[in-house]
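Just so we're aligned: the sequence shown equals residues 9 to 435 in this note's numbering. Even glycine gets a Cβ: it sits at the ideal position worked out from N, Cα and C. This report concerns only the one structure given below.
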Amino acid sequence: MQDRLILGQCLFYDADPRTQGPDAVRHTSRGGVLIRGGVVAATGEAGDLRRAHPQATVTDHGAHLIVPGFVDAHAHYPQTAIIASWGKRLIDWLNTYTFPEEMRFNDASYTAEIAARYFDLTLAGGTTTVASFSTIHPESVDAYFTEAARRGLRALTGKTCMDRNAPDGLCDTAQSAYDDSKALLERWHGKDRLSYVVTPRFSPTSTPEQLDALGALWSEHPDCLMQTHLSEQLDEIAWVKSLYPNARDYLDTYEAHGLLGANGLYGHAIHLEPREIDRLAEVGAALVHCPTSNTFIGSGLFDMGLADRMRVGLATDTGGGSSFSMLRTMAAAYEIAQLRGVALHPAELIWRATAGSAQALRLDDKIGRLDKGMEADICVLDLASTPAIAQRATRADTIWEALFPTIMMGDDRAVAQVYVAGTPVSG
Ligand code: GUN
Ligand code: ZN
9 MQDRLILGQC
19 LFYDADPRTQ
29 GPDAVRHTSR
39 GGVLIRGGVV
49 AATGEAGDLR
59 RAHPQATVTD
69 HGAHLIVPGF
79 VDAHAHYPQT
89 AIIASWGKRL
99 IDWLNTYTFP
109 EEMRFNDASY
119 TAEIAARYFD
129 LTLAGGTTTV
139 ASFSTIHPES
149 VDAYFTEAAR
159 RGLRALTGKT
169 CMDRNAPDGL
179 CDTAQSAYDD
189 SKALLERWHG
199 KDRLSYVVTP
209 RFSPTSTPEQ
219 LDALGALWSE
229 HPDCLMQTHL
239 SEQLDEIAWV
249 KSLYPNARDY
259 LDTYEAHGLL
269 GANGLYGHAI
279 HLEPREIDRL
289 AEVGAALVHC
299 PTSNTFIGSG
309 LFDMGLADRM
319 RVGLATDTGG
329 GSSFSMLRTM
339 AAAYEIAQLR
349 GVALHPAELI
359 WRATAGSAQA
369 LRLDDKIGRL
379 DKGMEADICV
389 LDLASTPAIA
399 QRATRADTIW
409 EALFPTIMMG
419 DDRAVAQVYV
429 AGTPVSG
């Protein structure tokens with residue numbers, strides 16, 4: 009296949025801007041990315057790349073900004089059709105909207121329809137990798153991976169396991185959760201660009217026996233990630249305490265059953281106790297911040313300062329989250345940090361929506377950065393996509409002033425082009 013050279017403004021990451029400062033994200037106003045065989049072959053100044061690769065097919069994106077494709081580190085694709093459901097907090101929201109919708113995923117054609125719709129929506133927003141929960145139905149994992157593979161996407165999911173406190177039609181058992189998860193893992197993990205994730209929904213919907221079974225499965229496949237929820241709402245934490253009276257805290261309900269580890273991904277993690285923070289940092293686990301969900305369901309204000317001690321990814325948590333867009337998600341992360349008295353720099357926001365989430369997913373050697381050898385998943389942003397953003401951006405003296413209005417006010421209209429493994433996504 010012929011080399012492809014895409015030109016425009018570019019952001020290249022030298023390091024984590026949270027620890028190294030915003031200059032760790034390097035801006036080039038006339039840069040480029042050379043793509044060969046789906047992978048980034050070179051990056052640099054546009055003129056240099058043109059001279060060095062005269063045979064390459066050139067796509068010039070002009071003043072648009074070339075960034076890595078967004079990485080959504082926690083979502084529920086089966087909740088696509090119930091996004092923005094009114095008026096409930098977590099437990100009532102699950103019972104009223106989520107569980108009835110997830111029961112529909114025993115229907116293969118509905119499952120395939122939602123999987124296709126989900127990837128249409130996320131790609132339109134510039135998201136090229138999602139780590140999603142599926143439902144308890146193995147077919148929901150098959151549908152997600154089949155659709156992702158058809159589009160050439162890097163994608164992660166797992167069968168969501170629940171054997172109590174959910175409707176009958178939405179419960180498995182400790183044994184079937186183990187057996188079905190294992191079969192799915194063997195079918196999909198490492199195939200194409202797909203990764204299986206061991207997925208207990210959260211402690212309240214699993215018996216200790218089920219958590220044990222999934223802990224055993226994870227220990228047999230330690231290279232897999234394990235994803236779940238942790239300390240999202242105060243009512244939920246009180247419920248966990250009543251269901252697991254011997255646990256020291258919420259995290260201990262996972263730890264006691266082999267579900268705490270360096271490849272663990274813990275969504276929300278808002279109301280953590282000091283011991284939980286210390287343990288998560290000690291084992292090298294990752295947290296996932298889901299800001300639009302945390303405001304929408306009324307959960308609380310995540311402490312981004314935790315990123316000084318452990319990896320923190322950024323995520324939509326659709327349909328608890330109120331948007332499929334990682335631009336909107338960055339904006340909500342900014343707003344939540346402001347409510348805690350901290351202004352997150354745009355360099356940190358864009359880094360966290362790409363490289364930061366890739367780190368959380370342990371995929372930072374493959375995605376999340378535009379660098380030689382990385383997979384060429386790319387999002388091209390129009391920094392003047394609406395009149396409101398354009399009039400604000402004309403005042404910008406720096407790339408950060410130019411980008412911030414798009415982070416705060418941008419939507420799918422700001423996504424001018426998406427490349428998946430170097431191929432432009434049409435539509
Ligand atoms: N906790 C357990 N399940 C869920 C879910 O589907 N969404 C959110 N936001 N929290 C959860
Ligand atoms: Zn979630």
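Going along the chain, which residues of its own chain have a beta-carbon closer than 7 angstroms to the beta-carbon of residue i, five neighbours each way excluded?
{"i": "residue 372", "result": "363 and 366"}
{"i": "residue 215", "result": "171, 172 and 182"}
{"i": "residue 174", "result": "107 and 213"}
Would you mind reading off the limits of the beta strand (DSSP E) that contains residue i?
{"i": "residue 49", "result": "47 to 53"}
{"i": "residue 140", "result": "135 to 141"}
{"i": "residue 21", "result": "12 to 21"}
{"i": "residue 329", "result": "Where residue 329 is concerned, there is no enclosing beta strand (DSSP E), given that its DSSP letter is neither H nor E."}
{"i": "residue 68", "result": "65 to 76"}
{"i": "residue 386", "result": "386 to 389"}
{"i": "residue 427", "result": "423 to 428"}
{"i": "residue 415", "result": "Looking at the DSSP string, residue 415 is not in any beta strand (DSSP E); the run it does join, the alpha helix (DSSP H), is 407 to 417."}
{"i": "residue 36", "result": "33 to 44"}
{"i": "residue 319", "result": "319 to 322"}
Could you spell out where the alpha helix (DSSP H) holding residue i opens and where it closes?
{"i": "residue 102", "result": "Per DSSP, residue 102 belongs to no alpha helix (DSSP H) and is neither H nor E."}
{"i": "residue 119", "result": "116 to 132"}
{"i": "residue 400", "result": "395 to 401"}
{"i": "residue 28", "result": "25 to 28"}
{"i": "residue 156", "result": "146 to 158"}
{"i": "residue 301", "result": "299 to 304"}
Let me make sure I understand the geometry here. Which of the options has the alpha-carbon closest to that of residue i?
{"i": "residue 24", "options": "83, 408, 320 and 46", "result": "320"}
{"i": "residue 378", "options": "281, 428 and 290", "result": "428"}
{"i": "residue 349", "options": "310, 326 and 161", "result": "310"}
{"i": "residue 52", "options": "20, 237 and 204", "result": "20"}
{"i": "residue 327", "options": "28, 93, 281 and 70", "result": "93"}
{"i": "residue 331", "options": "221, 300 and 266", "result": "300"}
{"i": "residue 353", "options": "402, 387, 397 and 406", "result": "406"}
{"i": "residue 355", "options": "235, 31, 134 and 18", "result": "31"}
{"i": "residue 275", "options": "118, 100, 105 and 234", "result": "234"}
{"i": "residue 151", "options": "322, 393, 121 and 316", "result": "121"}
{"i": "residue 304", "options": "114, 223 and 343", "result": "343"}
{"i": "residue 424", "options": "69, 117 and 22", "result": "69"}
{"i": "residue 266", "options": "217, 248 and 62", "result": "217"}
{"i": "residue 386", "options": "153, 247 and 136", "result": "136"}
{"i": "residue 36", "options": "380, 17, 22 and 50", "result": "17"}
{"i": "residue 144", "options": "124, 192, 104 and 100", "result": "192"}
{"i": "residue 158", "options": "242, 34, 123 and 134", "result": "123"}
{"i": "residue 195", "options": "50, 146, 162 and 315", "result": "146"}
{"i": "residue 169", "options": "160, 162 and 141", "result": "141"}
{"i": "residue 133", "options": "297, 431 and 389", "result": "389"}
{"i": "residue 430", "options": "381, 38, 153 and 46", "result": "46"}
{"i": "residue 307", "options": "420, 241 and 229", "result": "241"}
{"i": "residue 148", "options": "49, 162, 188 and 243", "result": "188"}
{"i": "residue 297", "options": "22, 281 and 277", "result": "277"}
Can you tell me whether residue i is buried or exposed? The criterion is at least 16 other CB atoms within 10 Å of its CB, across all chains shown.
{"i": "residue 254", "result": "exposed"}
{"i": "residue 167", "result": "buried"}
{"i": "residue 338", "result": "buried"}
{"i": "residue 227", "result": "exposed"}
{"i": "residue 60", "result": "exposed"}
{"i": "residue 260", "result": "buried"}
{"i": "residue 55", "result": "exposed"}
{"i": "residue 272", "result": "buried"}
{"i": "residue 9", "result": "exposed"}
{"i": "residue 64", "result": "buried"}
{"i": "residue 100", "result": "exposed"}
{"i": "residue 180", "result": "buried"}
{"i": "residue 200", "result": "exposed"}
What residues in its chain sit with their C-beta under 6 angstroms from that of residue i, if we drop five residues either side in the sequence?
{"i": "residue 312", "result": "345"}
{"i": "residue 376", "result": "76, 79, 362, 363 and 366"}
{"i": "residue 44", "result": "11"}
{"i": "residue 111", "result": "177 and 178"}
{"i": "residue 155", "result": "123, 124 and 127"}
{"i": "residue 252", "result": "261"}
Considering only residues of the same chain and omitting the five flanking positions on each side of residue i, which have a CB-CB separation below 8 angstroms?
{"i": "residue 397", "result": "391, 413, 414, 417, 418 and 422"}
{"i": "residue 129", "result": "88 and 332"}
{"i": "residue 245", "result": "239, 258 and 279"}
{"i": "residue 205", "result": "139, 164, 165, 166, 232, 233, 234, 235 and 273"}
{"i": "residue 285", "result": "314 and 317"}
Hey, does residue i have any beta-carbon neighbour from chain C nearer than 9 angstroms?
{"i": "residue 403", "result": "Checking the listed chains, one finds no chain C in this structure; it contains a single protein chain."}
Mind pulling the beta strand (DSSP E) runs of 3 or more residues that sit fully within the segment 239 to 297?
272 to 276 and 294 to 297
List in chain order: all unbroken beta strand (DSSP E) runs of 3+ residues lying wholly within the segment 164 to 224.
202 to 208
In the segment 327 to 382, which residue ranges form an unbroken alpha helix (DSSP H) of at least 4 residues, counting only runs that do not cross its ends?
334 to 347, 354 to 359 and 365 to 368
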